[in-house]
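S.K.:
Protein chains in written order, with the numbering used here: chain A, 6 to 119; chain B, 75 to 190.
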């Protein structure tokens, strides 16, 4: 699976949009971009995933660049409860024996402040 | 409905002892995963079950670690001759189906293992 690079930490004011970047310059054609988050003392929680089109759900939006080498997770109106570690993960969806697992990096610690 | 549950929530043991960690996946989920997370790090994959069989055990660090899922539901992670370096949070996740179709992995709260 391709390696991802994220900033170690970011701050955001409550009510503002949080934009979390992720670089995945070695991503291959059949690999998806996934985002999970982990609130303190809890297990990770799925947020969203995409291949090449932008995606939106009730939690967030995912913007993937045309060359697919980077992406941005957008939380449109951050709340204090969005304070967590956010993980960007690249993973193939088919083929090979290792595509069941998620390979987590160190993620971005997002702190939402009042 | 009930999520993934893990027991115990905390386990303290002495170096050299044997421990078992249990995971109850979401009912009907055929895929089950174990990860471990050391302080300040992201979760690290250990093993993945599809039904009763281990489809990928490439993340198990050595032969002291073993996991079973005999009936395709509950899974037990077993660690023999524990070492201080085994101290971590052990996370279990399940998904409705395994690959190739992607299904969201639902994580439990984890078991915090401390080896003294």
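Where a beta carbon is used, it is the ideal one built from N, C-alpha and C, also for glycine.
1. Can you give the beta carbon distance from residue 96/A to residue 37/A, rounded, assuming they're within the 8 Å contact cut?
2. Could you tell me which residues DSSP pairs with residue 115/A in its beta bridges?
3. Less than 7 Å between CB atoms is the rule here; does residue 112/A satisfy it with respect to chain B?
4. Give the secondary structure of residue 103/A by DSSP, where H, G and I count as helix, E and B as strand, and everything else as coil.
5. Quick one: what does DSSP say residue 105/B is sitting in, helix, strand or coil?
6. Along chain A, which residues have their Cβ under 9 Å away from the Cβ of residue 165/B?
7. Between the alpha carbons of residue 129/B and residue 110/B, how many angstroms are there, rounded?
8. I'd like to check one pair, residue 99/B with residue 168/B: are the Cβ atoms closer than 7 Å?
9. Provide the residue span of the beta strand (DSSP E) that contains residue 154/B, from first to last.
10. Please confirm if residue 92/A has its CB atom under 7 Å from at least one CB of chain B.
11. Starting from the Cα of residue 186/B, find the closest Cα among 77/B, 93/B and 76/B and give me that residue.
12. Hey, out of 154/B, 112/B, 104/B and 77/B, whose CA is closest to residue 122/B's CA?
13. What are the boundary residues of the beta strand (DSSP E) that includes residue 46/A?
14. For residue 127/B, write down the residues that DSSP places opposite it in a beta bridge.
15. Would you mind reading off the limits of the beta strand (DSSP E) that contains residue 179/B?
16. Measuring CB atoms only, is the stretch 139-159 of chain B touching the stretch 78-92 of chain A, in the sense that at least three cross pairs come out at less than 8 Å?
17. Show which residues of chain A have a CB atom less than 9 Å away from the CB atom of residue 184/B.
18. List, in order along the chain, the chain A residues whose C-beta lies closer than 9 Å to that of residue 119/B?
19. Taking residue 181/B as the query, report the chain A residues whose CB atoms sit under 9 Å from its CB, ordered along the chain.
20. On the criterion of 16 or more Cβ atoms from any shown chain inside 10 Å, does residue 20/A qualify as buried, or is it exposed?
21. When the distance is taken between beta carbons, is residue 119/B closer than 7 Å to residue 133/B?
22. State the Cα-Cα distance for the pair residue 70/A and residue 10/A, rounded to the nearest angstrom.
23. Using 7 Å as the limit for Cβ to Cβ distance, is residue 131/B near chain A?
M.R.: Reading off the structure:
1. In the first chain, the residue the question calls residue 96/A occupies position 91. In the first chain, the residue the question calls residue 37/A occupies position 32. In this structure, residue 96/A and residue 37/A form a Cβ contact; the two beta carbons are roughly 6 Å apart against a cut-off of 8 Å.
2. Looking up residue 115/A in the first chain gives position 110. According to DSSP, residue 115/A bridges with 15/A and 89/A.
3. Stepping through the first chain from its first residue, residue 112/A is reached at position 107. At least one chain B Cβ lies under 7 Å of residue 112/A.
4. As a first step, residue 103/A must be located in the first chain, where it is residue number 98. Confidence at residue 103/A is low in this model, with a pLDDT of 49, below 50, so the placement of that residue should be treated as unreliable; the coordinate-derived value is given next. Of the three classes helix, strand and coil, the one that applies to residue 103/A here is coil, per DSSP.
5. Position 31 of the second chain, counting from 1, holds the residue named residue 105/B. In the structure shown, residue 105/B sits in a strand (DSSP, three-state: E or B).
6. Taking the first residue of the second chain as 1, we reach residue 165/B at position 91. Correct list: 48 and 49.
7. If you number the second chain from 1, residue 129/B lands on position 55. If you number the second chain from 1, residue 110/B lands on position 36. Distance between residue 129/B and residue 110/B, taken at the CA atoms: about 18 Å.
8. Looking up residue 168/B in the second chain gives position 94. Looking up residue 99/B in the second chain gives position 25. Yes, they are a contact pair.
9. For the purposes of this step, residue 154/B is taken as residue 80 along the second chain, with counting starting at 1. Taken as a continuous stretch (DSSP letters only), residue 154/B belongs to no beta strand (DSSP E), as it is neither H nor E.
10. Position 87 of the first chain, counted from the first residue, corresponds to residue 92/A. Cβ-Cβ to chain B under 7 Å: yes for residue 92/A.
11. Residue numbering aside, residue 186/B sits at position 112 when the second chain is read from its first letter. Closest by alpha carbon: 93/B.
12. Looking up residue 122/B in the second chain gives position 48. Comparing alpha carbon positions, the residue from 154/B, 112/B, 104/B and 77/B closest to residue 122/B is 104/B.
13. Counting from one through the first chain, the residue named residue 46/A turns up at place 41. Taken as a continuous stretch (DSSP letters only), residue 46/A belongs to no beta strand (DSSP E), as it is neither H nor E.
14. Taking the first residue of the second chain as position 1, residue 127/B is located at position 53. Answer is 124/B.
15. Translated into positions along the second chain, residue 179/B becomes position 105. Unbroken run through residue 179/B: none, as it is neither H nor E.
16. At 8 Å Cβ cutoff, the stretches do not touch.
17. Within the second chain, numbered from 1, the residue matching residue 184/B stands at position 110. Those are 46, 47 and 48, listed as they occur along chain A.
18. For the purposes of this step, residue 119/B is taken as residue 45 along the second chain, with counting starting at 1. Here the neighbours are 103, 105, 106, 107, 108 and 109.
19. If you number the second chain from 1, residue 181/B lands on position 107. 41, 43, 47, 48, 49, 50 and 51, listed in chain order.
20. Reading the first chain from its first residue, position 15 is the one you call residue 20/A. Exposed.
21. Within the second chain, the letter at position 59 stands for residue 133/B. Within the second chain, the letter at position 45 stands for residue 119/B. Cβ distance < 7 Å, so residue 133/B and residue 119/B count as in contact.
22. Numbered from 1 along the first chain, position 65 holds the residue referred to as residue 70/A. Numbered from 1 along the first chain, position 5 holds the residue referred to as residue 10/A. Each residue's alpha carbon lies about 15 Å from the other.
23. As a working mapping, residue 131/B is identified with position 57 in the second chain. Chain A, which has no Cβ nearer than 7 Å to the Cβ of residue 131/B, makes this no.
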